[in-house]
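Trainee: Numbering (the UniProt record's numbering), first residue to last: 1 to 366.
Before I ask anything, let me first share the structure, which is written out below as structure tokens.
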């Protein structure tokens, strides 16, 4: 078998996939240990000359390594975690012979990827990693096969006894993890979105459907102060929404009606729902808009055929998240979304721009 190049490559691929769970788990461990924040605080960035060894990072851990633990063993364990992350391109690394015994040792720094995992007022991807790897979420994947064998509910509902969005009201710890994950990711995304999308110039009133705490509208109106924003979500969500200039919070049910506005904004909403639910949401959007009004959708659009690029694979990943967590939720192709839009009454659909893996889409009324 060792001389069979194709067989060896195939088995290596299978071994890599079978053990890929170690990558997000190692990343979660590094986030819990605040490794990326320590590297940022100590100025360890790729491109500079300052790299930190696991021993140097360990000195800054908070809380510190307890006295009951073996410090050399703890440092070695940390180094093994960081080595894996560096091997997957999530940290920069540098090899040196500065070890007192003359043995080679690694030191680490942030790179262009891990800098997004540093906690910052401008957003961080770290809380989203913690959300996706949370035990409440991960348990669903042990029963992913049930999405095939029993289509009456999602794996999440089977395991936790209620739907994902209802569960957050029952578990304050998970609700906090969920909200922090979405806010951290949203801040990062919206900075890129506002640099890329330029369709708000003729919008005077904008409704954010499923806007949560109102952070999206707050960032939009800060750059476009002429817009009157309506942050629309369930009443229990709105009660804890933040105050932003030019933003009014309105509670309600998007399956019943949606407040009127020149334009409607929906970020990562439709992929949570089945086609039947999405059709109802889009019909209510259509009724809420004036002639020439538009819906601005931010979601992943999958290709019609199978593709293997990293960007498309992430879309397949998020599609499986929807399969595990939400009844009927899925990422759609452009054809699938356009069919729903036309059924709701919209006359045309246009893909405007891309922001990371997401596509910004406009639906037009008349």
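Note that CB positions come from ideal geometry on N, CA and C, so glycine has one too.
Keep in mind it's a predicted model, so treat the numbers as computed, not measured.
#1: From the DSSP secondary-structure annotation, give me the bridge partner or partners of residue 85.
#2: Out of 155, 351 and 347, which one is the CA nearest neighbour of residue 139?
#3: So, with DSSP's three-state summary, where would you put residue 257?
#4: Out of 180, 229 and 121, state which residue places its alpha-carbon closest to the alpha-carbon of residue 243.
#5: For the candidate residues 211, 364, 263 and 224, whose alpha-carbon lies nearest to that of residue 239?
#6: Tell me the residue span of the beta strand (DSSP E) that contains residue 205.
#7: Taking a contact to mean a Cβ-Cβ separation below 7 angstroms, would you say residue 293 touches residue 262 in this structure?
#8: Assuming residue 300 contacts residue 358 under a Cβ cut-off of 8 angstroms, what Cβ separation, rounded to an integer in Å, is found between them?
#9: By how many angstroms is the C-alpha of residue 274 removed from the C-alpha of residue 36?
#10: Should residue 204 be labelled buried (16 or more other beta-carbon atoms within 10 Å of its own) or exposed?
#11: Name the two residues that bound the continuous alpha helix (DSSP H) containing residue 8.
#12: Do you know offhand how far residue 1's Cα is from residue 322's?
#13: In chain order, what residues of the same chain have a beta carbon less than 6 angstroms from the beta carbon of residue 47, not counting five sequence neighbours either side?
#14: Just the C-alpha distance for residue 94 and residue 114, rounded to the nearest angstrom, thanks.
#15: By the 10 Å Cβ neighbour count, where 16 or more other Cβ atoms means buried, how is residue 168 classified, buried or exposed?
#16: Helix, strand or coil for residue 251 per DSSP?
#17: Mind checking who residue 79 pairs with in its DSSP beta bridge?
#18: So what does DSSP say about residue 97, is it helix, strand or coil?
#19: How far does the beta strand (DSSP E) with residue 231 in it reach, from first residue to last?
#20: What ranges does the beta strand (DSSP E) occupy inside the segment 264 to 320, keeping only unbroken runs of at least 3 residues that lie completely in it?
#21: Could you pull the start and end residues of the beta strand (DSSP E) that residue 108 belongs to?
#22: Label residue 164 either buried or exposed according to how many other C-beta atoms from any shown protein chain fall within 10 Å of its C-beta, with 16 as the threshold for buried.
#23: On the three-state DSSP scale, how would you describe residue 244?
#24: In whole angstroms, what separates the C-alpha of residue 49 from that of residue 110?
#25: Is the beta carbon of residue 350 within less than 6 angstroms of some heavy atom of the ligand NAD?
#26: Can residue 348 and residue 361 be called in contact, C-beta distance under 7 angstroms?
#27: If contacts are defined as beta-carbon pairs under 8 angstroms, then residue 129 and residue 28 qualify, I think. What distance do you get, rounded to the angstrom?
#28: Which word fits residue 256, buried or exposed, when buried means at least 16 other C-beta atoms lie within 10 angstroms of its C-beta?
#29: Please determine, among 296, 16, 184 and 122, the residue with the shortest C-alpha to C-alpha distance to residue 197.
Mentor: This is what the structure holds:
#1: Position 85 of the chain shown holds residue 85. In the DSSP assignment, residue 85 is bridged to no other residue.
#2: Here the question's residue 139 lines up with position 139 in the chain shown. If we check each option's Cα against that of residue 139, 155 comes out closest.
#3: As a first step, residue 257 must be located in the chain shown, where it is residue number 257. Reduced to three states, the DSSP call for residue 257 is coil.
#4: For this step, residue 243 is matched to residue 243 along the chain shown. Answer by Cα proximity: 229.
#5: Taking the first residue of the chain shown as 1, we reach residue 239 at position 239. Among 211, 364, 263 and 224, the Cα nearest to that of residue 239 belongs to 211.
#6: The sequence position of residue 205 within the chain shown is 205, counting from 1. Segment 205 to 209, the beta strand (DSSP E) holding residue 205.
#7: For the purposes of this step, residue 293 is taken as the residue at position 293 of the chain shown. For the purposes of this step, residue 262 is taken as the residue at position 262 of the chain shown. Yes, they are a contact pair.
#8: Taking the first residue of the chain shown as 1, we reach residue 300 at position 300. Taking the first residue of the chain shown as 1, we reach residue 358 at position 358. Indeed they touch by this definition, with Cβ atoms about 6 angstroms apart.
#9: Walking along the chain shown from the start, residue 36 turns up at place 36. Walking along the chain shown from the start, residue 274 turns up at place 274. The alpha-carbon atoms of residue 36 and residue 274 are separated by roughly 38 angstroms.
#10: Taking the chain shown and counting its residues from 1, one reaches residue 204 at position 204. By the neighbour-count rule (16 or more Cβ atoms within 10 Å), residue 204 is not buried but exposed.
#11: Against the chain shown, residue 8 aligns to sequence position 8. Segment 5 to 18, the alpha helix (DSSP H) holding residue 8.
#12: The residue given as residue 1 occupies position 1 in the chain shown. The residue given as residue 322 occupies position 322 in the chain shown. Residue placement at residue 1 is flagged as unreliable, the pLDDT there being 49, under the threshold of 50; the coordinate-derived value follows with that caveat. Looking at the two C-alpha atoms, the distance is approximately 39 angstroms.
#13: The residue you call residue 47 lines up with position 47 of the chain shown. No residues qualify anywhere along the chain.
#14: Translated into positions along the chain shown, residue 94 becomes position 94. Translated into positions along the chain shown, residue 114 becomes position 114. Distance between the alpha carbons of residue 94 and residue 114 is about 16 angstroms.
#15: As a working note, residue 168 is residue 168 in the chain shown. Per the 10 Å Cβ criterion, buried.
#16: Working through the chain shown from its first residue, we reach residue 251 at position 251. If DSSP states are grouped into helix, strand and coil, residue 251 belongs with the strands.
#17: As a first step, residue 79 is located in the chain shown; it is residue number 79 there, counting from the start. Paired residues: none, contrary to the question.
#18: Locating residue 97 in the chain shown gives position 97, where the first residue counts as 1. Coil at residue 97, not helix or strand.
#19: Position 231 of the chain shown holds residue 231. Segment 228 to 233, the beta strand (DSSP E) holding residue 231.
#20: 294 to 299
#21: Numbered from its first residue, the chain shown carries residue 108 at position 108. From DSSP, the beta strand (DSSP E) with residue 108 extends over 105 to 109.
#22: Here residue 164 is taken as the residue at index 164 of the chain shown, counted from 1. Buried, by the Cβ-count rule.
#23: Locating residue 244 in the chain shown gives position 244, where the first residue counts as 1. Residue 244 falls in the coil class under three-state DSSP.
#24: Working through the chain shown from its first residue, we reach residue 49 at position 49. Working through the chain shown from its first residue, we reach residue 110 at position 110. Approximately 12 angstroms between the Cα atoms of the pair.
#25: Within the structure as shown, the ligand NAD is missing, as the structure has no ligands at all.
#26: As a first step, residue 348 is located in the chain shown; it is residue number 348 there, counting from the start. As a first step, residue 361 is located in the chain shown; it is residue number 361 there, counting from the start. It is not a contact, given that the beta carbons lie outside the stated cut-off.
#27: On the chain shown, position 129 is the one that residue 129 refers to. On the chain shown, position 28 is the one that residue 28 refers to. Right, the Cβ-Cβ distance comes to about 6 angstroms (below 8 angstroms), so this counts as a contact.
#28: Within the chain shown, residue 256 is the residue found at index 256, counting from 1. Exposed, by the Cβ-count rule.
#29: Here residue 197 is taken as the residue at index 197 of the chain shown, counted from 1. Residue 296 is the option with its Cα nearest to residue 197.
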